[in-house]
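Notes follow once the structure below has been shown.
Number of protein chains: 2
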Amino acid sequence: MPQLSERTQRFLTRYGEMASHWGLNRTECQIHGLLFLSPKPLDAEEISKTLSVARSHVSNSLKELQSWGIVKTVHVLGSRREYFECLPDVWEMMRTVVAEQKRREIDPWMRILKEAAADLDDGSPDGTYAKHRVQEMLGFFEVFSRWYEELRRLPTPMIRRFLALGGKAIGLLGLKG
Amino acid sequence: MPQLSERTQRFLTRYGEMASHWGLNRTECQIHGLLFLSPKPLDAEEISKTLSVARSHVSNSLKELQSWGIVKTVHVLGSRREYFECLPDVWEMMRTVVAEQKRREIDPWMRILKEAAADLDDGSPDGTYAKHRVQEMLGFFEVFSRWYEELRRLPTPMIRRFLALGGKAIGLLGLKG
DNA sequence: CTGTGCTTCCTGTAGCGACTGAAATATACA
DNA sequence: TGTATATTTCAGTCGCTACAGGAAGCACAG
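First to last, the sequence lines map onto chains F and S. Residue 169 in the numbering used here sits at position 154 of the first sequence, with consecutive numbering throughout. Residue 90 in the numbering used here sits at position 75 of the second sequence, with consecutive numbering throughout.
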């Protein structure tokens, strides 16, 4: 994929703009998008040329994408070069992204709340109230976090079936009472 | 809450830094944090002074918080002023935040993917492959989105019981086979 | 030990978004 | 109508982050 069609350019532009709210910057997202659409692995040089981004920047971005676990290196026989590809399975990819998001956003946030609950309570009425409020918020995250941690261990097909049930699960589980 | 204790300041600082990844900017988050910890509603003037933020900025930020639905206005008898408070129930608040996040991030993203799936396929093998990939990603979001839309209609206590089950739900639903 | 391919580090630049402060506008009551 | 209160709007400033591009470092093949 040396030259990009106009359509692909259009897509990568939006991909970069949109996904940059997800913890990666615009270029990193575009690189990922490029790999996502590419039928074969690409090397850093190609990526650099295709997206008109400095070679060093591509290198750093790829490192970041690898640290997220959504891009892997591939080696081709007879070439010293490293090639890159993104996870072939979309569900695997999304699971990875969600897991990283949790690790990088939710977990630190819960740590902050925990510390704050202890710290805010200075004995005054307002302090006690504040502590109480923070604990309420922490409670939400703990329930949610525990739920997620249990679900994430399950294999993808099971999750798919689970999600497909939607709200019906509630009825089936007898949670209406 | 005219003056902030050092502890509260510490908390609001972190609250602002952390939560600003969630679609609101730092000050908006701090204002929300302040209201969240406050036992009584506050007016814009107080907020401005307490956080040392320009009055106009507070005004705009409050509007934004209201548009998210996580801050409400309250009127006090005998005063023309508007007072502000955040949703009292934390679970209600988090549900609102999640709903807004979906509306502002996921839904547009799905629209982009839909358009791109049609656009990318120029008849070439690479184009066909790209379309296929985008559809895979779209598939993930559609399953997830449908699941969420069904769950969100249920009352909070039901959701809590549901989440509390964690991975056990899978077994109970007979999804292991 | 030398060239090649890649990564890491550093510096400078550009652009974006947050924020201020002031001016313009709107609303409520005396 | 005048005064006090609120919101809206906007120009200007500031800081942060992305990014380019070059220089040095590293690893390996010959």
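Even glycine gets a Cβ: it sits at the ideal position worked out from N, Cα and C. Nothing here was measured: the structure is a model prediction, and the numbers come from that model.
#1: Could you pull the start and end residues of the beta strand (DSSP E) that His-90(S) belongs to?
#2: Report, in whole angstroms, the separation of the C-beta atoms of Thr-88(F) and Leu-19(F), which I expect to be a contact under 8 Å.
#3: Please confirm whether Arg-148(F) and Leu-52(S) have their CB atoms less than 8 Å apart.
#4: At 7 Å on the CB atoms, spell out the chain F contacts of Trp-106(S), in chain order.
#5: For a test of the three-state rule: what should DSSP assign to Met-16(F), helix, strand or coil?
#6: If you follow the alpha helix (DSSP H) that Glu-120(F) is part of, which residue opens it and which one closes it?
#7: Looking at the strands, I want to know which residues DSSP matches up with Asp-134(S).
#8: So, does the CB of Arg-96(F) fall closer than 8 Å to a CB anywhere in chain S?
#9: Would you kindly check if the distance between the Cβ of Ala-145(S) and the Cβ of Leu-153(S) is under 8 Å?
#10: With a cut-off of 8 Å on the beta carbons, I'd call Gly-142(F) and Glu-115(F) a contact; round off their distance for me.
#11: Can you list the residues of chain S that Ser-20(F) reaches, using a CB-CB cut of under 7 Å?
#12: For the stretch 167-179 of chain F, which residues have a beta carbon sitting closer than 8 Å to at least one beta carbon of chain S?
#13: Which residue comes first and which comes last in the alpha helix (DSSP H) that contains Trp-162(S)?
#14: So which residues of chain S does Val-158(F) contact, with C-beta pairs closer than 7 Å?
#15: Do we get a CB-CB distance below 8 Å when we pair Val-112(S) with the residues of chain F?
#16: Leu-178(F) lies in the alpha helix (DSSP H); which residues open and close that run?
#17: Would Phe-265(S) pass as an interface residue toward chain F - the criterion being a Cβ-Cβ separation below 8 Å?
#18: Just how far apart, CA to CA, sit Cys-44(F) and Glu-97(S)?
#19: Can you pull the chain S neighbours of Gly-182(F), defined as C-beta to C-beta under 8 Å?
#20: Taking Pro-54(F) as the query, report the chain S residues whose CB atoms sit under 7 Å from its CB, ordered along the chain.
#21: Give me the residue from Ile-185(S), Arg-29(S), Thr-171(S), Gly-181(S) with the minimum Cα distance to Val-105(S).
#22: If distances are taken between C-alpha atoms only, which option among Ser-160(S), Tyr-163(S), Ala-179(S) comes closest to Arg-161(F)?
#23: For Gly-31(F), is the classification buried or exposed, using 16 other Cβ atoms within 10 angstroms of its Cβ as the cut-off for buried?
#24: Kindly say whether Trp-124(S), judged by its beta-carbon, lies nearer than 8 Å to any beta-carbon of chain F.
#25: Are the C-beta atoms of Asp-58(F) and some chain S residue less than 8 Å apart?
#26: Taking the Cβ atom as the reference point for each residue, do Arg-126(F) and Ile-127(S) lie within a distance shorter than 8 Å?
#27: Does any residue of chain S bring its CB to less than 8 Å from the CB of Arg-41(F)?
#28: Please classify Thr-133(S) as buried or exposed, where buried requires at least 16 other C-beta atoms within 10 Å of its C-beta.
#29: Figure out for me which residue from Asp-58(F), Ile-185(F), Ala-34(F), Asp-122(F) has the closest Cα to the Cα of Glu-91(F).
#30: Let me know the secondary structure DSSP gives Leu-27(F) once reduced to three states.
#31: Determine which residues share a DSSP beta bridge with Glu-21(S) and list them.
#32: Just to confirm, is the Cβ distance from Ile-62(F) to Leu-49(F) under 8 Å?
#33: Residues in the stretch 79-94 of chain S with C-beta within 7 Å of chain F's C-beta atoms, listed in sequence order?
#34: Using a Cβ cut-off of 8 Å (strictly closer), state whether Gly-186(S) contacts chain F.
#35: Alpha carbon to alpha carbon, how far is Met-33(F) from Pro-140(S)?
#36: Count the other CB atoms, across all protein chains shown, that sit within 10 Å of the CB of Pro-123(F); report buried if there are 16 or more and exposed otherwise.
This is what the structure holds:
#1: Per DSSP, His-90(S) belongs to the beta strand (DSSP E) from 86-90.
#2: In fact, because the Cβ distance is near 23 Å, the residues do not count as touching under 8 Å.
#3: Yes, the Cβ-Cβ distance between Arg-148(F) and Leu-52(S) is below 8 Å.
#4: Within 7 Å Cβ-Cβ: Phe-155.
#5: Note that Met-16(F) scores 44 on pLDDT, short of 50, meaning its location in the model is unreliable; the coordinates nonetheless yield the value given after this. Of the three classes helix, strand and coil, the one that applies to Met-16(F) here is coil, per DSSP.
#6: Bounds of any alpha helix (DSSP H) do not take in Glu-120(F), whose DSSP letter is neither H nor E.
#7: When DSSP reads this structure, Asp-134(S) sits in no beta bridge, so it has no partner.
#8: No, its Cβ sits nowhere closer than 8 Å to a Cβ of chain S.
#9: Contact flag unset, no.
#10: That belief does not hold up - the Cβ atoms of Gly-142(F) and Glu-115(F) are roughly 35 Å apart, past 8 Å.
#11: Going along chain S in sequence order, the residues near Ser-20(F) (Cβ under 7 Å) are Asp-137.
#12: Hits within the stretch, in order: Arg-168, Leu-169, Met-173, Arg-175, Arg-176, Phe-177, Leu-178, Ala-179.
#13: Taken as a continuous stretch (DSSP letters only), the alpha helix (DSSP H) holding Trp-162(S) covers 140-166.
#14: Against chain S, a Cβ distance below 7 Å from Val-158(F) picks out Arg-175, Leu-178, Ala-179.
#15: No, Val-112(S) does not count as interfacial toward chain F.
#16: Where Leu-178(F) is concerned, the enclosing alpha helix (DSSP H) starts and stops at 171-180.
#17: Residue 265(S) is absent from the structure shown; chain S starts at 16 and stops at 192.
#18: Near 43 Å, if we compare the C-alpha coordinates of Glu-97(S) and Cys-44(F).
#19: Those are Glu-165, Leu-166, Arg-168, Leu-169, listed as they occur along chain S.
#20: Correct list: Asp-141, Tyr-144.
#21: With distances taken between Cα atoms, Val-105(S) lies closest to Thr-171(S).
#22: Distance from the Cα of Arg-161(F) is smallest, within the candidate group Ser-160(S), Tyr-163(S), Ala-179(S), for Ala-179(S).
#23: Gly-31(F) is classed as buried because its beta carbon has at least 16 other beta carbons within 10 Å across all chains shown.
#24: For Trp-124(S), the answer is yes, since a Cβ of chain F falls inside 8 Å of its Cβ.
#25: With 8 Å as the cut-off, Asp-58(F) does not count as an interface residue toward chain S.
#26: For Arg-126(F) and Ile-127(S), no; Cβs fall outside 8 Å.
#27: It does not; no Cβ of chain S falls within 8 Å.
#28: The question names Thr, yet the displayed sequence has Ala at residue 133(S). So Ala-133(S) counts as exposed.
#29: For the record, residue 91(F) in the displayed sequence is Val; it is not Glu. For Val-91(F), the closest alpha carbon among the candidates Asp-58(F), Ile-185(F), Ala-34(F), Asp-122(F) is that of Asp-58(F).
#30: If DSSP states are grouped into helix, strand and coil, Leu-27(F) belongs with the helices.
#31: Looking at the DSSP assignment, Glu-21(S) forms no beta bridge with any residue, so it has no partner.
#32: It is a contact, given that the beta carbons lie within the stated cut-off.
#33: Within the stretch 79-94 of chain S, no residue qualifies.
#34: Output row for Gly-186(S): interface = no.
#35: Distance from the CA atom of Met-33(F) to the CA atom of Pro-140(S), rounded to whole angstroms, is 26 Å.
#36: Burial call: exposed.
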